Amino acid sequence: MTQTEPVTAQIRMWWQRVEIKRIVWIWLGITVVLAIFALIVPARVMGSPASPTMRAVESTMTIFSVAAAPVMALVLSVAVYSLTGWRSRGSEPPIGDGPPIRGSGRVTATWMVVSSVLTMFVLIWGLGEMQSLSAEASAPNAMVVNVTGQQWVWTFSYPQNGNVESDQLYLPVNRPVVFHVTSKDVIHSFWVVEMGIKVDANPGEVTKTGVVPDTLGTFVVRCAELCGLLHAHMETQAHVVSSTDFAAWITAQESRAS
Amino acid sequence: MGTVRVYLKASGAVAAGVLVVVLAGTTLARAGTTPGLLNATVKGTAQTPVGVLPHAFLELATYPDSLAGEHGPDGGSKPDWVSYGPTTNLSAPAHSLVTITIKQYDSGGTITNPYFASVHGTVDGTMTINGQTATASKVDAIGHTFTIHAMPTNQDPLFVSVPLRALPDNAKPAPGSSYPVPNVVTFSFVTGGPGEYVWNCEYPCGDGTYANFGGPMSARGYMSGTFTVA
Chain A
68 MTQTEPVTAQ IRMWWQRVEI KRIVWIWLGI TVVLAIFALI VPARVMGSPA
118 SPTMRAVEST MTIFSVAAAP VMALVLSVAV YSLTGWRSRG SEPPIGDGPP
168 IRGSGRVTAT WMVVSSVLTM FVLIWGLGEM QSLSAEASAP NAMVVNVTGQ
218 QWVWTFSYPQ NGNVESDQLY LPVNRPVVFH VTSKDVIHSF WVVEMGIKVD
268 ANPGEVTKTG VVPDTLGTFV VRCAELCGLL HAHMETQAHV VSSTDFAAWI
318 TAQESRAS
Chain B
14 MGTVRVYLKA SGAVAAGVLV VVLAGTTLAR AGTTPGLLNA TVKGTAQTPV
64 GVLPHAFLEL ATYPDSLAGE HGPDGGSKPD WVSYGPTTNL SAPAHSLVTI
114 TIKQYDSGGT ITNPYFASVH GTVDGTMTIN GQTATASKVD AIGHTFTIHA
164 MPTNQDPLFV SVPLRALPDN AKPAPGSSYP VPNVVTFSFV TGGPGEYVWN
214 CEYPCGDGTY ANFGGPMSAR GYMSGTFTVA
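Chains A and B, in that order, are what the protein sequence lines are. Okay, so the first sequence: first residue is 68 according to the working numbering, each after it adds one. Okay, so the second sequence: first residue is 14 according to the working numbering, each after it adds one.
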């Protein structure tokens, strides 16, 4: 193979090699399997989304997984064929390696361009998603909820609703919420899985994240930062209710506190 | 034949490795001491907001050291750590009214999260301190708390948190005792179906550690434990 040969001629020449054909077929097969896996499994593992944020997280995971499928398949197909087709058989080791490929500008350029396109796609997609998430956290009509983590419980207060406090999180459906998150002791991480939000709770600092819960139901709030003896038990519930039910809950909490 | 032997040897090596890990794990697990279980004593029935239920009682205490609880009269390896007693593994019957009395022998200070200065999850949201009904304790006079976590599992939710008023720093030992006269805190709550819960103290009482949440606050058998509803 030389730089002066046309690309089509080089490809035709490669394709005449039986091992290349086999590797390509293996690559195609693994790519299909991985792509199907990427389309079905990651989103299912992450559960039913309860917010646009979580839907964005799941679609990002799915698209990134599909994009990674042919790359991973290429590595696996070459590895599989190396372990089987190019395996040295017999009791004696091979005399030496095959001839190395050197000086192929096209191979190098193809590798760099494909890698660059893939990484730029991941970067631009990720920045776009992060921008949309930060927009939710700064919505002007957002309800503020102060979240406090401590070993090994969560507490929530509602400064716009008479500083009502609770050990469980109550949110009105379809209203933007901004969480002001802090810790009383060590570092925790406030994580509502189905809503796709997770942010560290640092002692002495306030971190923010936002979400628009759009699904009625009860979800799990957990700590995602190993924080000590009962870290595994640092869980509570997040209830997404109608605005009427939320107002009734606030009223009930206020009357109980007075 | 040679290939088969290689695979057999490799499989044997993997199996031996697994066996070693399993043996080490089970040995270490059995080496740990499990505090004794304190079962609530049922004495008759009681009227509750959900009807007439069996009435069970538990008696606990919080000490400024580990000399009177489950660690023995010498206090075990950390005799100066604060502790609950007589044990930290508790059990109460399901669908019952549970009344817990805690004798609080320790001093204290300001709780970091005022939420836990209030009573949560008890019948009527109240407790009694030395016979006086209260819904909270002063945030700057908390010795400890008794807080059962509301784990979001398939079991019935159970969240109870009660502040335990601190004794003065200069409280003198009562006659014939190495501890002062305690604050006696009593509260009641209703259990649901069977379940496994955990409880711990939410007042940072691990003096000398980061944020006072280390030491006895981060070790089993001192300021945390299990609460089994059976």
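Backbone N, C-alpha and C define an ideal beta-carbon position, used for all residues, glycine too. As the structure is a computational prediction, the values presented were derived from the model and not from experiment.
| Asked | Found |
| --- | --- |
| Neighbour flag for V112(A) against chain B, beta carbons, 7 angstroms | no |
| Members of the stretch 287-306 of chain A that neighbour chain B once the beta carbon cut-off is set at 7 angstroms | V287, G295, L296, L297, H300, E302, T303 and Q304 |
| Cα-Cα separation between V99(A) and T222(A), rounded to whole angstroms | 47 angstroms |
| Reference Y128(B), options S191(B), T166(B), S150(B) and T141(B), closest by Cα | S150(B) |
| Below-7 angstroms beta-carbon distance, Y97(B) vs any chain A residue | no |
| 7 angstroms Cβ cutoff, E272(A) in contact with chain B | no |
| Three-pair Cβ contact test at 8 angstroms for the stretch 239-252 of chain A versus the stretch 186-201 of chain B | no |
| The stretch 277-295 of chain A touching the stretch 203-223 of chain A, judged by at least three CB pairs closer than 8 angstroms | yes |
| Pair within 7 angstroms by beta-carbon distance, Y118(B) and P195(B) | yes |
| Opening and closing residue of the alpha helix (DSSP H) in which S96(B) lies | Looking at the DSSP string, S96(B) is not in any alpha helix (DSSP H); the run it does join, the beta strand (DSSP E), is S96 to G98. |
| Residues within the stretch 213-230 of chain A neighbouring chain B, beta-carbon criterion of under 7 angstroms | T215, Q217, Q218, W219, V220 and T222 |
| Within chain B, the residues that E232(A) reaches when beta carbons sit closer than 9 angstroms | P127, Y128 and S131 |
| Buried versus exposed call for I107(A) [16 or more other C-beta atoms within 10 Å across all chains shown] | exposed |
| Contact list for V211(B) against chain A, beta-carbon separation under 7 angstroms | L297 and H300 |
| Cross-strand partners of E72(B) (DSSP beta bridge) | T114(B) |
| Own chain residues within Cβ distance below 7 angstroms of P170(B), not counting five before or after | A163 |
| Collapsed DSSP secondary structure at W258(A) in the structure displayed | strand |
| Short Cβ contact (7 angstroms threshold) for F240(B) with I161(B) | yes |
| Distance, Q77(A) Cα to W258(A) Cα | 53 angstroms |
| Distance, G263(A) Cα to G277(A) Cα | 10 angstroms |
| Separation of I115(B) from G121(B), as counted between CA atoms | 15 angstroms |
| Residues sharing a beta bridge with E232(A), DSSP | S224(A) |
| Element boundaries [alpha helix (DSSP H), containing V203(B)] | From DSSP, V203(B) is part of no alpha helix (DSSP H) but of the beta strand (DSSP E) over N196 to V203. |
| CB contact below 7 angstroms: G236(B) versus chain A | One detail in the question is off: residue 236(B) reads as Met in this sequence, not Gly. Taking Cβ atoms only, chain A never reaches closer than 7 angstroms to M236(B), which makes this a no. |
| Boundaries (first-last residue) of the alpha helix (DSSP H) holding E125(A) | P119 to T151 |
| Local Cβ density within 10 Å of V33(B), reported as buried at 16 or more and exposed below that | exposed |
| Exposure label - N230(A); buried when at least 16 CB within 10 Å | exposed |
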